[in-house]
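Taken in order, these protein sequences are the chains called V and S. Residue 1118 in my numbering is what sits at position 70 of the first sequence, and the numbering runs on without skipping anything. Residue 1123 in my numbering is what sits at position 75 of the second sequence, and the numbering runs on without skipping anything. Virtual Cβ for every residue (Gly too), placed ideally from N, Cα, C.
2 protein chains.
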Amino acid sequence: MKEALREAMKAERLGEVPVGAVVVHEGRIIARGYNKRESMNDPTAHAEIIAIKKASRRLKNWRLSGTTLYVTLEPCLMCMGAILQARIPRLVFASFDPKAGACGSLYDLSQDRRLNHRIEVCSGICDDEAGRLLREFFVKVRTTKEGEASCPQGGAFWQTS
Amino acid sequence: MKEALREAMKAERLGEVPVGAVVVHEGRIIARGYNKRESMNDPTAHAEIIAIKKASRRLKNWRLSGTTLYVTLEPCLMCMGAILQARIPRLVFASFDPKAGACGSLYDLSQDRRLNHRIEVCSGICDDEAGRLLREFFVKVRTTKEGEASCPQGGAFWQTS
């Protein structure tokens, strides 16, 4: 998760909502990603999607069996959908996203028995650091009145309290 | 939708589950996509995601305001999430996907008031043609016993009845 936080900081330096992700396979990081929605003008360029695409290229397989995805913020619907599509068996995330999260907050897509894949989830790891990074980012955004950027990667407004 | 079906046929010729999509803006097709999950080894390479990424590049904006997405199969969770992220206001799809659809079948993400975007949806357009294309594909897959490919784009098994 420390490495995912490092990715989140790269996003922050670009003025992007600071969310970062890494994919681990057999104890090694095989892919990294950070939110680039604004800089790439791409609504799908969330940290998780970028990391998943890289991991698939690395493993030459769209099935990311045996991997763990670490991400600093609870995934949105799109990213949880991508995690399901990629058959990622384990997800570890830091902070909950009460307005857009799809792994416990608005929805819990990790354990829907109607879907063809279930995900083992661990949350709250490095929550303090990830939350602080997001809060500080949004305080800065509000101060500069660029309210438009106040959506995690493209999701809903992230709580500062 | 005829153009989306044309895209779906390109996928079929590659041995991919035949799903196609187009994005229309001001009466013109600005992006096209077809399912390339297997050929690109990319779990996110669904027709909709490919078309959305292209449309964003074309409009130089991650917000696809004023666009309509046409797709031959009800979008899965990942793709509905991407449609929400891109703020696409209108979605037209052909066939329902009873095992993985997130626009009426398993979920309906188009009208969730907790999310920051709602989508106007029209379904059933060219359902016969899109359904026939999918059925014929899966009959072929079963005949050749490549059961592994029998998931629309990476979603759940598509009904033949």
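Worksheet item: In or out: ARG1085 of chain S buried (at least 16 other Cβ within 10 Å) or exposed?
Response: The residue in question, ARG1085 of chain S, is buried, as its Cβ has 16 or more Cβ neighbours within 10 Å.
Item to complete: Measuring only between beta-carbons, confirm whether ASN1089 of chain V sits less than 7 Å from chain S.
Response: For ASN1089 of chain V, the nearest CB of chain S lies under 7 Å from its own CB, placing it at the interface with that chain.
Item to complete: Identify whether THR1076 of chain S lies in helix, strand or coil by the three-state DSSP scheme.
Response: Inspection of the sequence shows that residue 1076 of chain S is occupied by Arg rather than by Thr. Three-state DSSP puts ARG1076 of chain S in a strand.
Discussion item. Measuring CB atoms only, is the region 1155-1165 of chain S touching the region 1181-1195 of chain S, in the sense that at least three cross pairs come out at less than 8 Å?
Written reply: These segments do not touch.
Worksheet item: Can you list the residues of chain S that ILE1167 of chain V reaches, using a CB-CB cut of under 7 Å?
Response: Neighbours of ILE1167 of chain V in chain S, taken as residues whose beta carbon is under 7 Å from its own, are absent, since the nearest beta carbon is some 12 Å off.
Practice prompt. Express the C-alpha separation of ALA1095 of chain V and PRO1066 of chain V in angstroms, rounding to a whole number.
Written response: PRO1066 of chain V and ALA1095 of chain V: Cα-Cα distance of roughly 9 Å.
Practice prompt. Figure out for me which residue from S:LYS1147, S:PRO1146, S:CYS1151 has the closest Cα to the Cα of ALA1130 of chain S.
Written response: The option with the nearest alpha carbon to ALA1130 of chain S is S:CYS1151.
Practice prompt. Could you tell me which chain V residues have their CB closer than 9 Å to the CB of CYS1124 of chain S, listed as they occur along the chain?
Written response: Simply GLY1129, LEU1132, GLN1133.
Worksheet entry | Nearest candidate by alpha-carbon position, reference ASP1145 of chain S, set S:LEU1107, S:LYS1101, S:LEU1139, S:PRO1123 | Across the set S:LEU1107, S:LYS1101, S:LEU1139, S:PRO1123, the C-alpha of S:PRO1123 shows the shortest separation from the C-alpha of ASP1145 of chain S.
Fill in: Within 7 Å, strictly: CB atoms of LEU1117 of chain V and LEU1132 of chain V
The answer is no: Cβ separation not under 7 Å.
Discussion item. Output needed for PRO1092 of chain V: all residues of its chain with C-beta closer than 6 Å, excluding positions within five of it in sequence on either side, in chain order.
Written reply: The question names Pro, but residue 1092 of chain V is Thr in the sequence shown. Correct list: empty, nothing qualifies.
Item to complete: Please classify LEU1062 of chain S: is it buried, with 16 or more other beta-carbons within 10 angstroms of its beta-carbon, or exposed?
Response: An exposed status is given to LEU1062 of chain S, since fewer than 16 other beta-carbon atoms sit within 10 Å of its beta-carbon.
Worksheet item: Is there at least one Cβ from chain S nearer than 7 Å to ILE1078 of chain V's Cβ?
Response: It does not: the Cβ of ILE1078 of chain V has no partner Cβ on chain S nearer than 7 Å.
Item to complete: Quick one: grab the DSSP three-state call for CYS1124 of chain S.
Response: Looking at CYS1124 of chain S - three-state DSSP - the assignment turns out to be coil, as it is neither helix nor strand.
Worksheet item: Going by DSSP, which residues form a beta bridge with GLY1081 of chain V?
Response: Its beta-bridge partners are V:ALA1069.
Worksheet entry | Whole-angstrom C-beta distance between THR1120 of chain S and ALA1178 of chain S, which should lie under 8 Å | Between ALA1178 of chain S and THR1120 of chain S a beta carbon distance of about 4 Å is seen, short of the 8 Å cut, so the two are scored as contacting.
Practice prompt. Hey, could you find the ends of the alpha helix (DSSP H) ALA1178 of chain V is sitting in?
Written response: Its alpha helix (DSSP H) spans residues 1175-1191.
Worksheet item: Of all the options V:TRP1110, V:ARG1111, V:ARG1080, which has the alpha carbon lying nearest to the alpha carbon of ALA1099 of chain V?
Response: It is V:ARG1080.
Worksheet item: Taking only beta-carbon atoms, is ILE1173 of chain S less than 7 Å away from chain V?
Response: At least 7 Å separates the CB of ILE1173 of chain S from every CB of chain V.
Worksheet item: Per DSSP, what kind of secondary structure is ARG1105 of chain S in: helix, strand or coil?
Response: Correct three-state label for ARG1105 of chain S: helix.
Worksheet item: I think LEU1182 of chain S touches SER1143 of chain S, with their Cβ atoms under 8 Å apart; what is that distance to the nearest whole Å?
Response: Contact flag correct, Cβ pair sits at about 7 Å.
Worksheet item: Quick one: is ASP1090 of chain V buried, meaning 16 or more other Cβ sit within 10 Å of its Cβ, or exposed?
Response: Buried is the call here.
Worksheet item: How far does the beta strand (DSSP E) with ARG1138 of chain S in it reach, from first residue to last?
Response: Start and end: 1138-1143.
Worksheet item: Opposite GLU1241 of chain S in the DSSP bridges: which residues?
Response: A query on residue 1241 of chain S cannot be resolved here, the shown segment of chain S reaching from 1049 to 1209 and no further.
Discussion item. Using the Cβ count rule (16 or more neighbours within 10 Å means buried), how would you classify GLY1068 of chain V?
Written reply: Counting other Cβ atoms within 10 Å of its Cβ, GLY1068 of chain V reaches 16 or more and is therefore classed as buried.
Practice prompt. Confirm, please, whether the CB-CB distance from ALA1052 of chain V to VAL1070 of chain V is below 7 Å.
Written response: Contact: yes.
Worksheet item: So what does DSSP say about LEU1163 of chain S, is it helix, strand or coil?
Response: If DSSP states are grouped into helix, strand and coil, LEU1163 of chain S belongs with coil.
Worksheet item: Are the C-beta of LYS1084 of chain V and some C-beta of chain S separated by less than 7 Å?
Response: Cβ-Cβ to chain S under 7 Å: no for LYS1084 of chain V.
Worksheet item: What do you get for GLU1074 of chain S, buried or exposed, if any count of 16 or more other CB atoms within 10 angstroms of its CB means buried?
Response: GLU1074 of chain S comes out exposed.
Practice prompt. Check the Cβ-Cβ distances between ILE1097 of chain V and every residue of chain S, and say whether any is below 7 Å.
Written response: Closer than 7 Å to some Cβ of chain S, the Cβ of ILE1097 of chain V qualifies, so yes.
Worksheet item: Any C-beta of chain V sitting closer than 7 Å to the C-beta of GLY1202 of chain S?
Response: Note that GLY1202 of chain S scores 47 on pLDDT, short of 50, meaning its location in the model is unreliable; the coordinates nonetheless yield the value given after this. Yes, GLY1202 of chain S counts as interfacial toward chain V.
Item to complete: Could you name the residues of the same chain whose beta carbon sits closer than 7 Å to that of SER1153 of chain V, not counting the 5 residues immediately before and after it, in chain order?
Response: These residues qualify, in order along the chain: GLU1122, PHE1144, ASP1145, PRO1146.
Worksheet item: Is there at least one Cβ from chain S nearer than 7 Å to THR1116 of chain V's Cβ?
Response: No, no contact with chain S.
Practice prompt. Run down chain S in chain order and give the residues with a C-beta less than 7 Å from the C-beta of LEU1154 of chain V.
Written response: Correct list: ARG1162.
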